[in-house]
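In what follows, a single structure is set out as structure tokens and then discussed.
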Amino acid sequence: MAGHDDSGASGKKSSENEVPTFNVENMQSNMKVVYYSRTFMSIIGGVIAGILGFTGLMGFVVYVLVMAITSVCLTAKAGFSIHSYFDSWNRVLMDGFLGGLLSFVLFWTFAYDIVHIF
Amino acid sequence: MTTSMSFVVGVIAVLMLSHAAYSTIQYRALLKITEDEFSGPPFEVLVELTLVLILSLFAGLTVPGNFRSILPDSDENRVVSLPSNMNFMIFNHRGKAFPTETDLKLN
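First to last, the protein sequences are chains R and G. Residue numbers for the first sequence follow our numbering, beginning at 1 and rising by one. Residue numbers for the second sequence follow our numbering, beginning at 119 and rising by one.
Structure representation (structure tokens):
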């Protein structure tokens with residue numbers, strides 16, 4: 001075939017499941033959506049934990065709870081067919097977890113100080 | 119258009135959050151006067167915080183945008199589109215003025 005394809009971003013990431021290639025540019029856009037959602041929910045969860053007055057381990061329990069709810073909602077947004085939007089479950093479940101933890105702790109201490117100390 | 123509505127919902131959630139924080143501060147000031155201990159914010163604040171959680175879940179999932187499919191055989195991921203494939207060039211010429219014979223046969 002003499003024609004050549006577009007310069008579309010169809011990367012050839014071969015993995016061992018049955019879809020050997022996928023579109024990397026859309027994959028990165030999906031990762032960005034997941035990251036934004038998780039960061040926003042971490043911030044909101046942090047302020048809620050600060051207002052409620054949680055200290056110590058209970059606050060981290062709140063964080064894990066908020067992240068679990070966000071994961072369930074992200075899975076529902078993807079229509080429960082993860083494999084047509086991401087290449088593995090870990091991407092949508094585990095990706096923004098630690099980065100969100102830092103934002104959560106920041107806004108948690110911030111809100112706790114404003115509401116309970118000053 | 120729906121993203122701007124979700125953005126408004128997100129802004130409302132943040133405003134309700136600051137309102138809940140303010141009422142908790144006032145509640146604590148009241149407790150300081152009556153020398154009670156803080157065991158939890160009042161019931162209205164709890165209801166407001168639940169509402170904030172639901173609204174911000176909705177806004178946080180809708181505002182960043184939709185998921186796009188990564189499979190190469192879905193409709194929006196067509197790699198080769200017909201006009202740009204060199205084997206199938208389409209020209210616009212005056213041959214369209216000729217009447218078309220649809221039952222031509224090779225003899």
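Even for Gly, the Cβ is constructed at its ideal location relative to N, Cα and C.
Residue i to residue j span [Cα, whole Å]
| i | j | result |
| --- | --- | --- |
| G:I151 | G:L167 | 25 Å |
| G:S122 | G:D191 | 31 Å |
| R:M67 | G:M207 | 52 Å |
| R:H116 | G:E153 | 15 Å |
| G:L148 | R:I51 | 16 Å |
| R:M114 | G:I188 | At residue 114 of chain R the sequence reads Ile, which differs from the Met that was named. Spanning the two alpha carbons is a distance of roughly 44 Å. |
| G:A139 | R:A111 | 8 Å |
| R:E25 | G:P182 | 16 Å |
| G:L224 | G:F216 | 20 Å |
| G:V163 | G:A177 | 20 Å |
| R:N90 | G:R146 | 42 Å |
| R:C73 | G:L179 | 8 Å |
| G:F209 | G:N203 | 13 Å |
Buried or exposed (CB count within 10 angstroms, at least 16 for buried), residue i
| i | result |
| --- | --- |
| R:M27 | buried |
| G:S174 | buried |
| R:S103 | buried |
| G:P159 | buried |
| R:R38 | buried |
| R:I43 | buried |
| G:G128 | buried |
| R:I48 | buried |
Residues that residue i contacts on chain C, provided the C-beta gap is smaller than 9 Å
| i | result |
| --- | --- |
| G:T142 | This model lacks chain C altogether, as its protein chains are R and G. |
Whole-number beta carbon distance between residue j and residue i, since they are thought to touch under 8 Å
| i | j | result |
| --- | --- | --- |
| G:F185 | R:Y36 | With 8 Å as the limit, G:F185 and R:Y36 do not qualify as a contact, their Cβ atoms being about 12 Å apart. |
| R:D95 | R:V34 | 6 Å |
| R:G56 | R:F107 | With a Cβ gap of about 17 Å, R:G56 and R:F107 do not count as contacting. |
At 4 residues or longer, and completely inside the stretch 24-62 of chain R: list those alpha helix (DSSP H) runs for me, N to C. Runs of the alpha helix (DSSP H) inside the stretch 24-62 of chain R: 24-52.
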